[in-house]
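Take a look at the structure set out below.
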Amino acid sequence: MTEKKLRCLLYLVLAGVLFYYISIFCKYDYAYAEQMRLFRYSSTYIMPLITSFSGILTLVADYLTQYYYLSWGGPLVNIIYFLCIVFLIDSIFSLFKLGYIAPLFAVSAGIYFLVQETDVTYRSEDTIQTILILGLFTIILTLICKLKLNQSLNKINMPKEKARKLIMALSFISTLFFGAQYFSIMHHPQSTRLKVLESMRWNKDWDGILSLPYMQVCPAPLYACYQNLALAEKGLLGEKLTAYPQMGQNGLYTDNHGLQYEMMLLSDIYFIQGNIAASQMNAFNAMIYSEHLATPTVILRLIETNLINGSYGVAEKYISILEETKFYKAQATAYRKFLDNPDLILQDPLFGPLSKISKTQQGVSTDMLTDLKEISVKNPDYKPAQDYLNSFMTLAQK
Amino acid sequence: MKNKLFYLIALLFCACSVEEPTAQKEYNTIPEIFPDYTDVTIPVNIAPLRFKLTHNTEEAIAVLTSDSKKIIEKASEDKFMFEENEWKELLTSAVGKDIQVKVYEKENGIWAVYNTFAFHVASDDIDSHLAYRLIPPGYEPWYHMGIYQRNLTSYEEKAIIENSQTDHNCMNCHSFPMQNPEKMVFHMRAVHGGTYVIDGTEIEKLEGKVGEEIPSFVYPSWHPSGEFIAFSNNKTLQSFHRNDKNRIEVYDENSNVFVYSVKEHKVYTDSLIFSPNVLETFPTFSADGKTLYFCSAEVPDSMKLPRDYKKIKYSLCSIAFNPENKSFGSKVDTLYNAKFEGKSAKFPRVSPNGKYLIFTLSEFGNFSIWHHDADMYLYDFQKNSYQALTKLNSSDTESYHSWASNSHWLVFSSRRDDGLYTRPYIAHVNENGETGKPFLVPQEDPDFYKDFMFSYNIPELIKHEVNINSKALEKIAKNGKTVQIHR
Chain A
1 MTEKKLRCLL YLVLAGVLFY YISIFCKYDY AYAEQMRLFR YSSTYIMPLI TSFSGILTLV
61 ADYLTQYYYL SWGGPLVNII YFLCIVFLID SIFSLFKLGY IAPLFAVSAG IYFLVQETDV
121 TYRSEDTIQT ILILGLFTII LTLICKLKLN QSLNKINMPK EKARKLIMAL SFISTLFFGA
181 QYFSIMHHPQ STRLKVLESM RWNKDWDGIL SLPYMQVCPA PLYACYQNLA LAEKGLLGEK
241 LTAYPQMGQN GLYTDNHGLQ YEMMLLSDIY FIQGNIAASQ MNAFNAMIYS EHLATPTVIL
301 RLIETNLING SYGVAEKYIS ILEETKFYKA QATAYRKFLD NPDLILQDPL FGPLSKISKT
361 QQGVSTDMLT DLKEISVKNP DYKPAQDYLN SFMTLAQK
Chain B
1001 MKNKLFYLIA LLFCACSVEE PTAQKEYNTI PEIFPDYTDV TIPVNIAPLR FKLTHNTEEA
1061 IAVLTSDSKK IIEKASEDKF MFEENEWKEL LTSAVGKDIQ VKVYEKENGI WAVYNTFAFH
1121 VASDDIDSHL AYRLIPPGYE PWYHMGIYQR NLTSYEEKAI IENSQTDHNC MNCHSFPMQN
1181 PEKMVFHMRA VHGGTYVIDG TEIEKLEGKV GEEIPSFVYP SWHPSGEFIA FSNNKTLQSF
1241 HRNDKNRIEV YDENSNVFVY SVKEHKVYTD SLIFSPNVLE TFPTFSADGK TLYFCSAEVP
1301 DSMKLPRDYK KIKYSLCSIA FNPENKSFGS KVDTLYNAKF EGKSAKFPRV SPNGKYLIFT
1361 LSEFGNFSIW HHDADMYLYD FQKNSYQALT KLNSSDTESY HSWASNSHWL VFSSRRDDGL
1421 YTRPYIAHVN ENGETGKPFL VPQEDPDFYK DFMFSYNIPE LIKHEVNINS KALEKIAKNG
1481 KTVQIHR
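Sequence order for the protein chains is A and B.
Here my numbering is used: the first residue of the first sequence is 1, the next is one more, and so on.
Here my numbering is used: the first residue of the second sequence is 1001, the next is one more, and so on.
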């Protein structure tokens, strides 16, 4: 087997291993990233973007990120990024007969971008741009080499075959070692836990949240908020509050520091409490803070709150937006039957009670506890509100 | 060979050109289209009013006819995408007249035709550009926003300044004297906060306050001379409703009015417009600059906010202003008395020819964009009376408005389309103060507004493009010296 074929085989094997690794250890990173973008099959979305290079990059990034919705989508797209980078760098080195040290740089670069793609502040546009630049560079160098430098390259003295293979093997190993170090450094426990919690919250995996090992220790009020939300969604907050570790009243209601996930969490907490106006406000604010003003689960929440409060025009707008996507279309379309149909909303097991609660509310909102007291007094049969209010009282005493 | 080539080209041409079909059926109704451009009055220099049918069709054709020109347009995905040059020629041929619009629709292989409607082409041009802020219609937080300008004769939109250049701060309240974009004032809040006055290429960053007495400069309005800017100083708070179609309630705890001299960097005011128990706000000058209009609401000590927010009702008032010695009159006149009339007035704007004043009325309060009952009214200075602009108002919010330089066009903010996202509408105003049916500012794609997640805020017509160097503005915002203001 030639050296080049051996390198290609090793890259593919490495890609396979990495695919398996990121499928398990990075799935929540991709789930989180998927929520931060929205690709729409719509001329009003696509046309403004294709007028500029940065817009095209965003279009491609949005298009590929939509597939993170699928459990294998994120790993597959990222391994494709990895292989593109690796093979392009390898090609560049090969043009200069330096293929035996290519793995050191190619695999390092590939792993670097794999890790970067798990960072919430990173933009996939940079990975795509890097691939395009490498591709262009490869094409230009190939043309130059074919036209001019073939003869010059043959005169370069190369190390002997065995030495080259040894260097190649060592460069692979060192790259894997440093790459593993880099992965472990980048995966901050707190960041990872937040992505896990958020992913479970979006998917309404309340049992999943409650069974997370670090929830038993519950090191922060923020985690308690997720835990108590999960209990409330399962109708167990009143009964099981003290059976779970608590962090005082701050574990029922997170402070708002202007972070998107805080607002989305608050939106859920208010929603289950029956405070639709506050839920809507937090969802809207979460949408404002998203990079592309489009977070799918936030838009779904806004559809719900607008249907409940009878703002059918706005609900229809958000439904139409999600109907232009591949993976949220069905969910959005399912809400259409509620448009201009208050009777159906009242009959719905989720919307009905919340709509009735909403109608009992008057005046302007003052603070969370005052609003909650009013909801509880006027809706004594609505268990989640009662449970939250009782929990506030219970935890105030501790 | 030449003949074959000719016939080939002719065949291709025939394949591309569209013919007006022969209808075998008539729908005795006008078509349902979006935007609703049926029987609107439009300026001759407006970009094509592209629209779409609100339902799916097999095939559709629109025929636009003037006395001497005709456009036949086949729908693409139910959208009629009129070409700009053809459109301009058509409008030019129909100045002061009507363009007849006939829409044909094919159903089960048979062509049917709707009732004809018209575009009424006014003889008055409209100012070429529209400036506005784009911001999501949200609560207190913000992230993406900017001040933009749209060329109304085409679909081109450019940023005047975007907050991505200034660390995502807040920018608002852009204003121009007599629709002249050579001068502009606007504010930035939070980071790089201040009031920015632009005169040609000169940019001044004002401190935007005068000690503790005037902690902020808020709603601006230029004097027609460009020498002064009237401001209000507002302490604004916001709450949201627990269950109300008006989601948000914005109210002032305190507000006063003063006039800023651009050259002197000095403010002038009077106790009649700067009183402790009265909320004065929304100042605007008359066309001759000798009268200052403003809104005023009494707040007795017994009133507590936000509890009593519904009791705050603003009257529309005026006071004389002498630009020579910067003094104010000794009495305040009332054009609309909230106590007697029962509603609350805001956003007075005088037409450049001085004949009319448009203002907004709603049941209470001052931030009418969040009041679904807000409507526009026209005050006629010759008749000393006002009337509702029934052709412009809808069952939802009509709020901010501004005039074109020739006083024959009005742009206003409306939430009629979905109840939340503010859209700019344009309406014609004739010599007698009568308005035509308003039309939504056209976009390149008729579906644009359906997906667009920003509201159009403070639409202001301007005579030509704003030519500010946004990089220079950014530099001054971040590193520029701040000019102190005196009283």
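Backbone N, C-alpha and C fix where the C-beta goes; we use that ideal spot for every residue, glycine too.
Quick caveat, the model's predicted, so the values are computed rather than measured.
On the criterion of 16 or more Cβ atoms from any shown chain inside 10 Å, does B:Ser-1402 qualify as buried, or is it exposed?
Walking along the second sequence from the start, residue 1402 of chain B turns up at place 402. With 16 or more other Cβ atoms within 10 Å, it is buried.
Which residues DSSP lists as bridging B:Arg-1189, in chain order:
Your numbering for residue 1189 of chain B matches position 189 in the second sequence. Paired residue(s): B:Cys-1170.
Using a Cβ-Cβ cut-off of 8 Å, state whether B:Gly-1365 counts as contacting chain A.
Mapped onto the second sequence, residue 1365 of chain B falls at position 365. No, no contact with chain A.
Please confirm whether A:Ile-319 has its beta-carbon closer than 8 Å to some beta-carbon of chain B.
Within the first sequence, residue 319 of chain A is the residue found at index 319, counting from 1. Chain B, which has no Cβ nearer than 8 Å to the Cβ of A:Ile-319, makes this no.
Chain-ordered residues of the segment 349-380 of chain A with a beta carbon less than 7 Å from chain B:
Ser-358, Lys-359, Gln-361, Gln-362, Gly-363, Val-364, Ser-365, Asp-371
Looking at the C-beta of A:Met-36, does it have a partner C-beta in chain B at a distance below 8 Å?
Looking up residue 36 of chain A in the first sequence gives position 36. Judged by the 8 Å Cβ criterion, A:Met-36 is not in contact with chain B.
Which chain B residues sit within Cβ distance under 8 Å of A:Val-314?
Locating residue 314 of chain A in the first sequence gives position 314, where the first residue counts as 1. Those within 8 Å of A:Val-314 in chain B are Asp-1418, Gly-1419, Leu-1420, Tyr-1421.
Note down, in chain order, all residues in the segment 1230-1242 of chain B with a beta-carbon under 8 Å from any beta-carbon belonging to chain A.
Ser-1239, Phe-1240, His-1241, Arg-1242
Flag this pair as yes or no: are the beta carbons of A:Leu-147 and A:Ile-89 separated by less than 8 Å?
Locating residue 147 of chain A in the first sequence gives position 147, where the first residue counts as 1. Locating residue 89 of chain A in the first sequence gives position 89, where the first residue counts as 1. Their beta carbons are not under 8 Å apart, which means A:Leu-147 does not touch A:Ile-89 by this criterion.
Give, in chain order, every residue of the segment 276-302 of chain A whose Cβ lies closer than 7 Å to some Cβ of chain B.
Within the segment 276-302 of chain A, the residues whose Cβ lies closer than 7 Å to some Cβ of chain B are Ala-277, Met-281, Phe-284, Asn-285, Ile-288, Tyr-289, Leu-293, listed in chain order.
Beta carbon of B:Val-1250 nearer than 8 Å to that of B:Thr-1269
For this step, residue 1250 of chain B is matched to residue 250 along the second sequence. For this step, residue 1269 of chain B is matched to residue 269 along the second sequence. For B:Val-1250 and B:Thr-1269, no; Cβs fall outside 8 Å.
Name, please, each residue of chain B whose Cβ falls closer than 7 Å to the Cβ of A:Gly-258.
Counting from one through the first sequence, the residue named residue 258 of chain A turns up at place 258. Result: Pro-1141.
Where B:Val-1101 falls, given that 16 or more other Cβ within 10 Å makes a residue buried
Position 101 of the second sequence, counted from the start, is the residue given in the question as residue 1101 of chain B. Buried is the call here.
Residues that B:Trp-1403 bridges to, as DSSP identifies them
Residue 1403 of chain B sits at position 403 when you count from the first residue of the second sequence. B:Trp-1403 pairs with B:Leu-1410.
Assign B:Lys-1070 to one of three DSSP states: helix, strand, or coil.
Here residue 1070 of chain B refers to the residue found at position 70 when the second sequence is read from its first residue. DSSP places B:Lys-1070 in strand when its eight states are reduced to three.
To which residues of the same chain is B:Ser-1394 closer than 8 Å at the C-beta, ignoring the five residues directly before and after it?
Residue numbering aside, residue 1394 of chain B sits at position 394 when the second sequence is read from its first letter. Excluding residues within five positions, the ones whose Cβ falls inside 8 Å are Ser-1414, Arg-1416.
Is there a Cβ from chain B that is less than 8 Å from the Cβ of A:Thr-175?
Taking the first residue of the first sequence as position 1, residue 175 of chain A is located at position 175. Chain B contact via Cβ: absent.
State yes or no: is the C-beta of A:Thr-254 within less than 8 Å of the C-beta of A:Leu-212?
Indexing the first sequence from 1 puts residue 254 of chain A at position 254. Indexing the first sequence from 1 puts residue 212 of chain A at position 212. In this structure, A:Leu-212 does not lie closer than 8 Å to A:Thr-254 by Cβ.
Which whole-angstrom value describes the C-beta separation of B:His-1223 and B:Pro-1181, a residue pair presumed to lie in contact below a C-beta threshold of 8 Å?
As a first step, residue 1223 of chain B is located in the second sequence; it is residue number 223 there, counting from the start. As a first step, residue 1181 of chain B is located in the second sequence; it is residue number 181 there, counting from the start. With a Cβ gap of about 17 Å, B:His-1223 and B:Pro-1181 do not count as contacting.
Which residues mark the beginning and the end of the beta strand (DSSP E) in which B:Gly-1194 is found?
Reading the second sequence from its first residue, position 194 is the one you call residue 1194 of chain B. From DSSP, the beta strand (DSSP E) with B:Gly-1194 extends over 1194-1199.
Look at the Cβ atom of A:Phe-105, then the Cβ atom of A:Leu-18, and state whether they are nearer than 8 Å.
The residue labelled residue 105 of chain A in the question sits at position 105 within the first sequence. The residue labelled residue 18 of chain A in the question sits at position 18 within the first sequence. It is not a contact, given that the beta carbons lie outside the stated cut-off.
Residues bridged to B:Lys-1377 (per DSSP):
Position 377 of the second sequence, counting from 1, holds the residue named residue 1377 of chain B. Per the sequence shown, residue 1377 of chain B should be read as Tyr rather than Lys. The partner list for B:Tyr-1377 (beta bridge, DSSP) reads B:Phe-1359, B:Ala-1388.
Against A:Ser-43, what residues of chain C qualify as contacts under a CB-to-CB distance less than 8 Å, listed in chain order?
Protein chains A and B are contained in the structure displayed, whereas chain C is not.
Beta-carbon within less than 6 Å of A:Leu-64's beta-carbon, same chain only, minus the 5 sequence neighbours each way: which residues are those?
Numbered from 1 along the first sequence, position 64 holds the residue referred to as residue 64 of chain A. Once the five neighbours on either side are set aside, the close Cβ partners of A:Leu-64 are Val-77.
Mind listing, in chain order, the continuous alpha helix (DSSP H) runs of no fewer than 4 residues lying wholly within the segment 1427-1464 of chain B?
1448-1451
Distance cutoff 8 Å, beta carbons only. Does B:Pro-1035 sit that close to anything in chain A?
For the purposes of this step, residue 1035 of chain B is identified with residue 35 of the second sequence, where counting begins at 1. Output row for B:Pro-1035: interface = no.
Apply the 10 Å Cβ neighbour rule to B:Phe-1328 and answer buried if 16 or more other Cβ atoms are within range, or exposed otherwise.
Counting from 1 along the second sequence, the entry for residue 1328 of chain B is found at position 328. For B:Phe-1328, the number of other beta carbons within 10 angstroms of its own is at least 16, and it is reported as buried.
Could you give the residue range of the alpha helix (DSSP H) that holds A:Tyr-20?
Taking the first residue of the first sequence as position 1, residue 20 of chain A is located at position 20. Residues 3-25.
Residues that B:Ala-1230 bridges to, as DSSP identifies them:
In the second sequence, residue 1230 of chain B corresponds to position 230, counting from 1. In the DSSP output, where bridge partners are listed per residue, B:Ala-1230 has B:Ser-1221, B:Val-1259.
Ignore the nearest five residues each way along the sequence and tell me which others in A:Leu-136's own chain have a CB closer than 6 Å to its CB.
Your numbering for residue 136 of chain A matches position 136 in the first sequence. If we look at A:Leu-136 and ignore the five residues flanking it on each side, it has no Cβ neighbours.
Taking the C-alpha atoms as reference points, what is the distance between B:Glu-1253 and B:Ile-1273?
Mapped onto the second sequence, residue 1253 of chain B falls at position 253. Mapped onto the second sequence, residue 1273 of chain B falls at position 273. Taking the straight line joining both Cα atoms gives about 16 Å.
If you count every other CB in all the chains shown that lies within 10 Å of the CB of B:Ser-1302, and 16 or more means buried, which is it?
For the purposes of this step, residue 1302 of chain B is taken as the residue at position 302 of the second sequence. B:Ser-1302 is exposed by the Cβ-count criterion.
Go to B:Glu-1157, then tell me how far its beta strand (DSSP E) extends in each direction, as first and last residue.
In the second sequence, the residue the question calls residue 1157 of chain B occupies position 157. Start and end: 1157-1162.
Is there a Cβ of chain A sitting closer than 8 Å to that of B:Gly-1138, yes or no?
What you label residue 1138 of chain B is simply residue 138 of the second sequence in a count that begins at 1. Answer yes: the Cβ-Cβ gap between B:Gly-1138 and chain A drops below 8 Å somewhere.
B:Ser-1327 - partner residues in DSSP beta bridges
Counting from one through the second sequence, the residue named residue 1327 of chain B turns up at place 327. DSSP output for B:Ser-1327 lists B:Asn-1322 as bridge partner(s).
Segment contact, 8 Å Cβ cut-off, at least three pairs: the segment 12-32 of chain A with the segment 51-64 of chain A:
no
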